[in-house]
Every structure is written in structure tokens, then in C-alpha cells.
DNA sequence: CCCAGGCGCTGAACCGTGTAAGTATGAGGA
DNA sequence: TCCTCATACTTACACGGTTCAGCGCCTGGG
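Residue numbers (the working numbering), protein chains in the order written: chain A, 1 to 332; chain B, 1 to 332.
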């Protein structure tokens, strides 16, 4: 039981292979009547074009690529990726695109994959994650003229992201409304583009704020928390760049004899089941990560199909109020 | 700057394309001297064979496929997949294999992908996850004669898994050694093969034990916990099938006025950062999920290369002792 | 000396699709 | 009537590998 090819369809329809190709790809060159007949036959035979042959002939590979730079230390951001991939697939599968995934040790290798996959026509476009402030990958993609979309802050390439500055202001203003004036930000990896944006926004909304960099792990989150809690004018509220660190921070606060939210308020950026499960349940900045994926996929596919594709701004992360934030009880 | 093809190498070396193909693939048909010369030239030109052309000509596609059946409700098992994929890639990338990933709504669609990818030579083999007790995919894979490896309990296809029965016995015996006699198991999805195995082992080690089925979500875990804690002879220890449910269970226990571990001991199956971050830190059955991926990939690649490939037994999950388990204080 | 047979290589076909170039057909205008 | 021109196709080749049949050459045995 071999799969049908365009040759089979051509024989059945009494036309040439070329005509079949034109008909199935919506190209001019066949009459509407013939086209309909060919499409009907293709459908009846359950025809699916071979992507290998397609790619070889220089057409669409029907695959988009995603390379992830994942040092073992950033395990904490994992839920983000599964949600993202899930959202990506939701869009890709409707257009029968597949996702080619590759873990890479560094940016250098990542760019090598871009080049290899692209020259081999193995992918029609690339998605870029974990955008850095000065990201070598962007230049590589532009040089190679690979259709690409960024899942991250807007820049030279079309992107899908939300305005983190707005969310940061929301968080700071909320804390301010509770009477907090001494706020610290436990930030993520400092060379990630969105980390810089959040920090800038934080310092603008709260000029006297403290910022400590981490690598997203629970350990570094705990260490950063200890550091800021040991200062003279210890902050009364903390904003963490992920949920893992926020939970670790809660433990450190308890250890220091502080009660939450009475002595210390805590906000986590990115909500996850953990935030609502721990005690106290964490107030968090939540956002629809799946939507990032879906929209990034749509953006990239538009780009591949030659359509106009502009960066897209997602709904900013917004606060979900739980039990880890409360009125400031500390008098200055 | 086009990528080099075997034709370029052939011209450079003054031989035919066929000779180059033989030389690069380690096939007989060229002298050792010529082979070395050709390989040297290929290396100098930075030659990388086009997988599309390869696949079209009926050879290896250098891709293995993974389809994930992911109803939105089983979000809780996500960390498993990222670790697994990470482990897979570790092995695949050394052999320059890529991973083709597809989310599917159901088994029916999943099998359709098997058929499509295989007849199209888009993949050289498939990995199977989330094995069910009677899994239609296994038959489909055998019928299509697709090289495949299962990440799950051993069965008809070569598999990579650990003996969950052993781990379950370890957990039950540990609880028994602490004096617990009334133990409940908050199980995962009942039609998953490993769930059945764990339940069977649990009931064998603890015949008077209670088993409650869930769908892995925090909500169903909480509900199951409430149910077993409301029984007449309420259990003094609970074993959860994932970490999310265990954490949710802790909250339910607190809500019921129970203290952990004094009134109730809790064990989570599968360790994750959450387990060590919550209060009290959870005693957990930990295992190296990345190793599952690495070994499954190796198994599948062996299979694809025609080597003998037998199922592989991983190190069973073993207990990590934390603060959620303690001596039974309840007198019968 | 002759012939079998293995070695090392060439040439060509083939995989399934896309597409440029060429060809028949018919309509329409001068 | 003849020429143009668009339409609707066909033909042929390209894409980059794999593979099979075949061919010359060398070696060794009878």
C-alpha cells in the first residue's frame, strides 16, 4: 500500500503531472473545471504531498524551527516553554505545519542550526526565544534572510510580546496603594531583553527601589532574598521575576521570622499552579503564554506567505490578588 | 554562497557522485585511499547532506517523531516533558538527529500522523509516551512496521522505564516502618499503563489500602484528598501520583486542621523544585527523567540502525526524605 | 595462456515535486 | 484569411542524494 503521488493523480485524471501540481497549489495554468476534478481525485486518494520532494524542489517544507538555548540552571522557566509550545502547535497544526525542535548549548551553535536548516530548506522560518539585549541571532537571521518571528520584546524583527513596563507599573502602584515605599525587585538573568525592560520600568515607577539579579533558580532567588532582607532599610515588598524564586523567597522570609503579608508582601511574575498552591497563595502577574505561541506562529506563517506582518502586542500581564500581599504595617 | 553538494565534492575529487555517496556513507565500493580523500574534501567544504534529498531517495531522514496527546487538564505533568525532551535532545543531537514534535487531540489523530510521517519518510522512527493499558498506537506502529520505542512500562515494543512496583514497595515499606497502617494512594489517570502498575503494586504491598483516581490536576487531587480524609478510618499517610496534587493535598490537610507530618504523612511521586520549596518540604520519589529521554533516543536510534535493541530498565524512583513524613502518632 | 572473479569506479535511473519553456487550440480583430 | 494572443495544457529538467547495473582492470588458479 504505497502512498499516492501526483503521478497517480495525473494518470487518474488523464492529465500531466505538471497540471496536477498547478491545480493543487492554486496556481494559474489549469481551467477551473480541471482543477476541481483534480482536487476531487486527490482528495479521494487521500493525497498528501511529500514534504521531502517539496523541499527538494525548492518549495515550502511545511516546518518551522525552534531552537532553545537551555543551560541546566534555568530549569525554573520550564512551564513557560510547555505552554508556549502548546500554543504554537495550536496554530501550526491548523495549517499542517510541524515544529522542528532543537536544544543548543550556545548562540553560536544556534546560528549554525539556522544556517544549516535554512540552506537545506528544512524549515520555512524560525522562531526566536529568550531574546538578549544585544542578540547575535537577530543579525544572523537578517543576513540569511530567514523569515523569523521573535517571542520577546519588539526590536528589529517582527515580534509577539506584551508591554512588561505596564505590568511592572501596575504591580508597583498596587504595592504603593498598600502603603509600601521600600520595594525590591528580584530580577531574572540580566542580559535577557525583557529583564532590562522590567528593571527600567521598575526603577522609573519606584526610583528608590532595589534590584538584585539572579539566574532564575530557587537557590539564587533565596540568596537574593536573604541579601535584600539583611539590609538596613529592609524592603516591605518584593517582586520576583518567576514563581520558583518567589516560593523560595517565602521560605527565606519565614526563616527570618517574618510573616507574610504582615511584614513582607510578595508578588510573583508569571502565575502557575504553584502560586495558588503554596501557603500563603501568591499574588502574581499572570498572562496567557499559550497566546504568545499561537500569535507568534500566525505571525511567522504570514511572513512566510509573504503577507504583511507587524509586531503584535499581547495583553499585558495583570495582577491576580491572593494572600501574599497586604497593607504595609511597617512604619518608616 | 550556496551550500556544497555531493556533485561539488565529486568534481573536486575527480570522481563520480556515486563514489562520493559510497565514501561518505561508509559503504563498500571505494578504496580506502579515495574514501579518505573524499571525506577530507567534504570536510573542507563543510558538506552537510540534504535531508530532503536523502529522504526522497529512500534513506534516513535523520528525524525522529514525537506526538504528545495533551488534553489541557493534565498541565500538571509538564515538567516531566521538558526534562524528557531535554534528555532526548542530548542523545539526538550527538547523532545529528532532530526531533519533530506534534501536539495531537487524540489517539486517532496521533496514528494518522504516524502514517503520514512514515509514508512520507519524514521520520525514521517514533517515540511513544503516555502508554495506555490497551494502546491502539502500539498496533498501528507494528502494522506500519515503524521503528518505535516506548517511554513507559515494557510491553510489545522496546521500552525505557523503571520498575514502578519496586518504588511503590519502597514507599509503602517506609511508611510501614514509621508505623503507618492506613495508607491511601491518590492515583493518576486510571487508563495509563503505569498507573495500573503502581496501583497493583500498592495493593499488594498494602492490601487494606485505599486507591482514588484523579486526572493529575490540583483540583482533582484536592477533591480526592478531602474524600479520603473524610472516611471513618481516615488514613495516616498519603502517596500522590504527582507533585502538584501532593501540594494541593497539603493545603487540604491544613484546612482540615491536620498537622503534617504529625497527623498525616505525605509522599509525592516525582520530585520537582516545588517539593523542596513548599512547607513542609515534601518527601518524594525522585528519578532521572532526562535519562529516560537519553536512553529512549539511544534505543530508537539503535533500532533504526538495525541493531539489536532490547527494552531497558532504568534506575527505579527512590525516596528523598524531607519533612512531610514522620512516625505515625495515631493509635488505631 | 585463458578465464573467473573481485575490486573500484562510472553512468544512469530514480525518488516526488515545482516550474520554465514550449505547444496546441480557439477566439478575436484587422 | 491571417496574425496575434490568451488559455490550457504538456514536456523536460532541476533539486541532491541513493543505488543498481555494468565495465575495465588486476590477480590468481588451472
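Ideal Cβ placement from N, Cα and C applies to all residues, glycine included.
Checking contacts by CB at 8 Å: is residue 148 of chain A closer than that to chain B?
no
In terms of residues, what are the limits of the beta strand (DSSP E) holding residue 240 of chain B?
237-240
Bridge partners for residue 65 of chain B per DSSP, in chain order?
B:100 and B:126
What is the DSSP secondary structure of residue 181 of chain B, reduced to helix, strand or coil?
coil
Can you find at least 3 beta carbon pairs, one from the segment 307-325 of chain B and one from the segment 216-232 of chain B, that sit closer than 8 Å?
The segment 307-325 of chain B vs the segment 216-232 of chain B: no contact.
Short of 8 Å in beta carbon distance, which residues of its chain neighbour residue 114 of chain B, apart from the five on each side in sequence? Order them along the chain.
65, 67, 126, 137, 140, 141, 144 and 146
Does any residue of chain B bring its CB to less than 8 Å from the CB of residue 177 of chain A?
no
Keeping to the same chain, check which residues put their C-beta closer than 6 Å to that of residue 30 of chain B; ignore five residues upstream and five downstream.
19, 22 and 23
On the CB-based measure, 16 or more other CB atoms within 10 Å of its CB, does residue 83 of chain B come out buried or exposed?
Buried, by the Cβ-count rule.
For residue 256 of chain A and residue 164 of chain A, what's the separation of their Cα atoms in angstroms?
31 Å
Residues near residue 27 of chain A by beta carbon distance below 7 Å, same chain, minus five either side:
none
Residue 49 of chain A in three-state terms, based on DSSP
coil
6 Å CB neighbourhood of residue 205 of chain A in its chain, flanking five on each side removed:
169 and 172
Just tell me which of A:158, A:100 and A:95 has its CA closest to the CA of residue 118 of chain A.
A:100
From A:151, A:199 and A:241, pick the residue whose C-alpha is nearest to that of residue 215 of chain A; which is it?
A:241
Once the 5 residues before and after residue 262 of chain A are set aside, which same chain residues still bring their CB inside 8 Å of it?
326 and 329
Given 8 Å, three or more beta-carbon pairs between the segment 267-277 of chain A and the segment 230-249 of chain A:
yes
Residues sharing a beta bridge with residue 319 of chain B, DSSP:
B:285
Can you name the start and end residues of the beta strand (DSSP E) that residue 268 of chain A belongs to?
For residue 268 of chain A, the enclosing beta strand (DSSP E) covers residues 265-269.
In whole angstroms, give me the CA-to-CA distance for residue 32 of chain B and residue 51 of chain B.
Answer to the nearest angstrom: the Cα atoms are 26 Å apart.
Here's a check: name, in chain order, each residue in its chain whose Cβ is nearer than 6 Å to the Cβ of residue 190 of chain A, leaving out the five neighbours to either side.
The beta carbon of residue 190 of chain A sits closer than 6 Å to those of 213, all from its chain and outside the five residues before and after it, given in chain order.
In whole angstroms, give me the CA-to-CA distance for residue 197 of chain A and residue 88 of chain A.
25 Å
Spatial neighbours of residue 104 of chain A within its chain, please: CB distance less than 6 Å, with the 5 preceding and 5 following residues excluded, ordered by chain position.
67, 69 and 110
Can you grab the Cα-Cα spacing for the pair residue 207 of chain A / residue 269 of chain B, in whole Å?
45 Å
Return the Cβ separation of residue 130 of chain A and residue 192 of chain A in integer angstroms, given the expectation that the two are a contact with Cβ distance under 8 Å.
Sure, about 6 Å apart at Cβ, within 8 Å.
Starting from residue 211 of chain A and walking both ways along the beta strand (DSSP E), at which residues does that stretch end?
210-213
Buried versus exposed call for residue 108 of chain A [16 or more other C-beta atoms within 10 Å across all chains shown]
exposed
So is residue 40 of chain A buried or exposed if we call it buried at 16+ other beta carbons inside 10 Å?
exposed
Can you pull the chain B residues whose beta carbon is under 9 Å from the beta carbon of residue 279 of chain A, in chain order?
250, 251, 254, 278 and 279
In angstroms, rounded to a whole number, what distance separates the CA positions of residue 178 of chain A and residue 267 of chain A?
Each residue's alpha carbon lies about 13 Å from the other.
Using a cut-off of 7 Å between C-beta atoms, extract the partners of residue 119 of chain B located in chain A.
3
Strictly under 8 Å for the Cβ-Cβ distance: is residue 100 of chain A near chain B by that measure?
yes
Counting contacts by CB-CB distance shorter than 8 Å, is residue 110 of chain A in contact with chain B?
no
Element boundaries [alpha helix (DSSP H), containing residue 251 of chain A]
243-255
According to the neighbour-count rule (16 or more other Cβ atoms, all chains shown, within 10 Å of its Cβ), is residue 202 of chain A buried or exposed?
buried
Anything in chain A within Cβ reach of residue 56 of chain B, meaning under 8 Å, just list it in chain order.
50, 52, 53 and 56
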